[in-house]
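Since the structure comes first, as structure tokens, the remarks are kept for the end.
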Amino acid sequence: MSKALRTLITDLHEQGEKNAAIAKKLCVTRVALHRTVREHFGLQNWTFQPDWSPTHETKTIVELCRQEIPDFWGNDIWSSNLPGMNPMDFEIRSILENKLSRTF
4 MSKALRTLIT DLHEQGEKNA AIAKKLCVTR VALHRTVREH FGLQNWTFQP
54 DWSPTHETKT IVELCRQEIP DFWGNDIWSS NLPGMNPMDF EIRSILENKL
104 SRTF
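This is the structure we're talking about:
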């Protein structure tokens, strides 16, 4: 992701925009989803585990994920509301995000 795009997304979040609205504004399409996944994972198997925030739980997002993501875990399998269900500690997550943002 380019620095300009990252800045735009950050600015939109700071203005109170939700993820679904940002995706719509940026015209995130199925083609973009497939391209990004292919670039990141190649031919490896992978599983998408959403955090089930309200914007990720909308009917259209879940429907798109079920259609387009081979191994999609619904909230019946992975519920973020259960204590101890998130395998990544948030401190570790922020460290990883910082390292990844420097890489890309």
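Quick note: the sequence shown uses the numbering used here, first residue 4, plus one each step.
Just so you know, even glycine gets a beta-carbon here, dropped at the ideal spot from N, CA and C.
Keep in mind the model is a prediction, meaning the values are calculated, not measured.
In this structure, the straight-line span from the alpha carbon of residue 28 to that of residue 47 is close to 30 Å.
Boundaries cannot be given for residue 79, as no alpha helix (DSSP H) includes it and DSSP labels it neither H nor E.
Separation of the CB atoms of residue 76 and residue 39 is rounded to 19 Å, and the pair is thereby denied contact status at 8 Å. Per DSSP, residue 48 lies in no alpha helix (DSSP H) segment and is marked neither H nor E. Out of 66, 21 and 71, the CA that lies nearest to the CA of residue 37 is found in 71.
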